[in-house]
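In what follows, a single structure is set out as structure tokens and then discussed.
Residue numbers (this note's numbering), protein chains in the order written: chain A, 25 to 358; chain B, 119 to 453; chain C, 151 to 555.
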């Protein structure tokens, strides 16, 4: 890869694609919220509103052969990575046509075809997994990159520190992307970390590390290009702290007692889609007919996904004990 | 402790050496296999199991790790998912608690959560058990805890053949397999056939046929049970000794066939009595062989106390051949 | 017109209390607009509408706690006229799932039934499950068994010992015991028979079939055969029906086996129990093993041996528990027709009456023939009259060619 490839392409086509990807995530999350209130989607659900620029900035920079590890707030990553919206929606419904046969739900989206390794509900639990994927690629001597997404809460867990150390010590090709949205569920970053500059923690492990404005999709993409290129070439880890903000609550059932409404409203004015749209308008990159077209396409896709999920089928209960081991279903009672 | 001599061409070997041979053989045979754990390389292994392997295979295949049980167990999981065949060595079951989240919430659940898209063909080896006066934090037997979890398989090799042969079969298994090596067995010597190879990992074995009572044991307790059986034979009681070998899945067929024959059973298990694996085996016997029973079931487990340091107290806390003899006589009303 | 309902906001939210409306009837609302505040166990949460339109009516009073899904307000879509009459409001949700997940009961292992016949024991006596089952099978009255287990519990060995006492002790093992002549406890035997027969009549629904079989061929063949044999090797008539029954069972396996735990288990082997009367009023029906494979002379030899040992009180335990079907014959001193009672857990018994010379029709003419009346008592839980008739007919057919037995 040449240096030129590191720079984001500022063509109109590419810019509109970035905008569409972000809006696609936003509208999808919105539809999920609606379906959740109607009890079509159950359990725990965590929406990505406000953080779209991170997934949209980083993931398209990866190759198909690269690997993605994410958290329970992974609808955005899954969508951008190319997991079909239909199968994601069906998975949220719990139907067997879902990307994990309905067995996982919102927090456990998996897709082998796109090297999407979940969907992990244990905070920090995906980091050792990403280290292992990188270890395999390191031992094989290929040029695959593993991108591992996690939040600011994860950096308090021992597994974060163990993973940073192992990745740096063994020189593993992992891109660690910390989506710092300033709150670990209901605990503000400043109340949980002595060092709130998260990327500096990675520096202590001798990992090349950067902080970037996570609400600016162009900045994120530029940083991601640098980072992915570095990992692929050097076969060493890289750390990208994306400073972003979560516009919705941690999960659906969260009265947000831990932050001011005024703070959220202020953030809404500088959220990634609004900012990017304004920038495109200022730079005459968006025409009047673009947005309605984009919205129509997105809404059609979402409607189709909902229909797909609604029409989906429930896995027969007599199949319950399948997929525990690779061999045939273990009879109940064993 | 010595095993019975066998008739094919055989060499004198220790349990430790048998495990080492298994590792050596696997790493030679399959380039995807590598060993990863604390002090497995330069130190030669906490129990000297991997002694010499670093010199033979190099640091990429024999990988020393920092003290990061969760980190390197998770790394083993990821590497297995990406096509390698790692053997993670957790120094002892006592430290595995730091990796419990990765073992239970990732390794055991990944296949199911992903709807069968991703499997974890990982082997984790751990030393287990008490007997060396290592006190409360270094003497656990938590195999039963792991046997509780669907999604993993749990083995307890107690003989040289199993120490040598279970590893390869475990490596070929597409799901996570945990192998527990009792610390008191590493020095055990005996004869092993030079062509000893892979063995099954889902069947129990009748180590000593008998007709009066079924003594069901595993791991370090097997040899104490066999010793007890010899003592009992001298008093006219012929005990049938079963080595569970696989703790998950349990081989119900072998257990029930034995109990149908002897109509009595005692389970010997080094874990604490309450909620032990012995309780699980006992319940299965009641479920499947109730009408064959001629007396209540019994178990010989560790006492409800963290394992103490002084020798006499440690001995009193864990199963012993004398306790097994006494329990057998009580079950047969020959006290 | 669309219903705005109380939303589900969490896995464990079942109801919410409306504490504030942020809109009023007539207001126009956009999708995503916050319209109310709901108090939940976690705190106050603002709820949004996913429908755009005009608020027509508020349906729920403030501070009322309502379950998730309760309609809270009605929203008119843009351009929609309020209907004059209240019409059925279309459900806001899309098509319901095609198949609701059925809550199936997990497959349960079939429960082992508690025996309806509870052996009588003194209250407070413990009997192990294995002992209890053996007592049932052997027809042993537990009140006659002495328990040697802990606290006087009756064990399997205790019942086994009792069974052997009742039927005759097995060949003794210890040299010292060989000196003692084996004895029969006829009183206890009677009690055991009573228990077994009573149980049979109680539990087994018997059906009865009768069949007359010409045995002239048998008698003629026997006479020829025995002319060449020494007295101690001579075949008795009784062996022929026993062999015929064993051979017939190959085509009718439903009459050969055990009924236990509410199901019939056919036996791959044919061990024919032979009813043997014992002087003094005793009766036993020990087994001849694998009769279908025994040549007749060997069968006869074993029968002789068995009868002799039975009358001397030297039967083996396995001979008592092994019969898979029983044949009962009263021989020459008996009656013409004998209806047997099935020995549980067997499922059939053949009764053989004495041979009688009767007028018989052969080729349209009447002539004297030797005829026996053969009966079948069958367990109607396992077989029925149709099968029984065919079974009897087969035995009768086999007896027409004694040289092939």
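Even for Gly, the Cβ is constructed at its ideal location relative to N, Cα and C.
Residue 348/A, enclosing alpha helix (DSSP H) - first and last residue: Note, residue 348/A: premise wrong, no alpha helix (DSSP H); not H, not E.
Straight-line CA distance for residue 196/B to residue 286/B? About 20 angstroms.
Decide yes or no for the touch test of the segment 510-517 of chain C against the segment 420-432 of chain C: beta carbon pairs closer than 8 angstroms, at least 3 of them. No contact exists between the segment 510-517 of chain C and the segment 420-432 of chain C.
Could you check whether the Cβ of residue 441/C sits closer than 8 angstroms to any Cβ belonging to chain A? Not one chain A Cβ lies under 8 angstroms of residue 441/C.
Partner residues on chain B for residue 128/A, Cβ-Cβ distance less than 9 angstroms: 230, 231, 232, 233
Considering only the beta carbon of each residue, do residue 180/C and residue 205/C sit closer than 8 angstroms? No, the Cβ-Cβ distance between residue 180/C and residue 205/C is not below 8 angstroms.
Could you please give the first and the last residue of the uninterrupted beta strand (DSSP E) stretch that includes residue 362/C? Note, residue 362/C: beta strand (DSSP E), 356-364.
Three-way DSSP call (helix, strand, coil) for residue 278/A in this model: coil
Going residue by residue through the segment 276-356 of chain B, where are the continuous beta strand (DSSP E) segments of at least 3 residues, counting only ones entirely within it? 295-300, 307-311, 323-326, 331-335, all fully within the segment 276-356 of chain B.
Does the beta-carbon of residue 254/B have 16 or more other beta-carbons within 10 angstroms, so that it is buried, or is it exposed? exposed
Kindly indicate which three-state DSSP category residue 110/A falls into: helix, strand or coil? helix
By alpha-carbon positions, which one of 159/C, 439/C, 434/C, 553/C ends up nearest to residue 289/C? The alpha carbon of residue 289/C has as its nearest neighbour, out of 159/C, 439/C, 434/C, 553/C, the alpha carbon of 434/C.
Tell me, which residues are paired with residue 216/B by DSSP? In DSSP, residue 216/B forms no bridge with anything.
Nearest chain C C-beta to residue 353/A closer than 8 angstroms, yes or no? Residue placement at residue 353/A is poorly supported in this model, since its pLDDT is 46, which falls under 50; the coordinates are not used for a value here.
Measure the C-alpha to C-alpha separation of residue 503/C and residue 396/C and round it to an integer number of angstroms. 18 angstroms
Which chain B residues sit within Cβ distance under 7 angstroms of residue 281/C? 412
With DSSP run on the structure shown, which of helix, strand or coil describes residue 155/B? Strand, per DSSP.
Considering only residues of the same chain and omitting the five flanking positions on each side of residue 39/A, which have a CB-CB separation below 7 angstroms? 304, 309
Through-space distance from residue 137/B to residue 155/A, alpha-carbon basis: 28 angstroms
Determine whether the beta carbon atoms of residue 386/B and residue 442/B lie at a separation below 8 angstroms. Between residue 386/B and residue 442/B, the CB-CB gap stays under 8 angstroms.
Measuring only between beta-carbons, confirm whether residue 300/C sits less than 8 angstroms from chain B. Taking Cβ atoms only, chain B reaches closer than 8 angstroms to residue 300/C, which makes this a yes.
Quick one: which chain A residues come within Cβ less than 7 angstroms of residue 193/B? 152, 155, 156, 159, 190
Using the beta-carbon of each residue, which ones in chain A are nearer than 9 angstroms to residue 202/B? 156, 159, 160, 163, 164
With contact counted as at least three CB pairs below 8 angstroms, one residue from each stretch, are the segment 209-224 of chain C and the segment 155-173 of chain C in contact? yes
Taking contact to mean at least 3 C-beta pairs separated by less than 8 angstroms, is the segment 541-551 of chain C in contact with the segment 365-375 of chain C? yes
Reducing DSSP to helix, strand and coil, say where residue 487/C ends up. coil
Who are the near neighbours of residue 192/B in its chain, counting only those whose CB is closer than 6 angstroms to its CB and skipping five residues on each side? 220
May I ask you to verify whether the segment 490-505 of chain C touches the segment 405-412 of chain C, counting CB pairs closer than 8 angstroms and requiring at least 3? The answer is yes - the segment 405-412 of chain C touches the segment 490-505 of chain C, with three or more Cβ pairs under 8 angstroms.
Less than 8 angstroms separating the beta-carbons of residue 238/B and residue 293/B? yes
Cross-chain neighbours of residue 350/A in chain B, by beta carbon under 9 angstroms: 229, 234, 237, 239, 291, 292, 293
Hey, does residue 220/B have any beta-carbon neighbour from chain A nearer than 8 angstroms? So yes, residue 220/B belongs to the interface.
Under 9 angstroms by beta carbon: chain B residues contacting residue 183/A: Contacts between residue 183/A and chain B, judged by CB atoms closer than 9 angstroms, involve 186, 188, 189, 192, 219, 220 in chain order.
Alpha helix (DSSP H) segment containing residue 318/A, residue limits: Note, residue 318/A: alpha helix (DSSP H), 314-335.
Enumerate in chain order the residues of its own chain whose CB-to-CB distance from residue 267/C is below 8 angstroms, with the five nearest sequence positions on each side excluded. At residue 267/C, the pLDDT of 45 sits below 50, so the modelled position is not reliable; the number obtained from the coordinates is stated separately. Result list for residue 267/C: 286, 349, 352, 353, in chain order.
Contact criterion: CB-CB distance below 8 angstroms. Does residue 180/C meet it with respect to chain A? no
Residues, ordered as in the chain, of the segment 370-386 of chain B that lie near chain C by beta-carbon distance below 8 angstroms: 381
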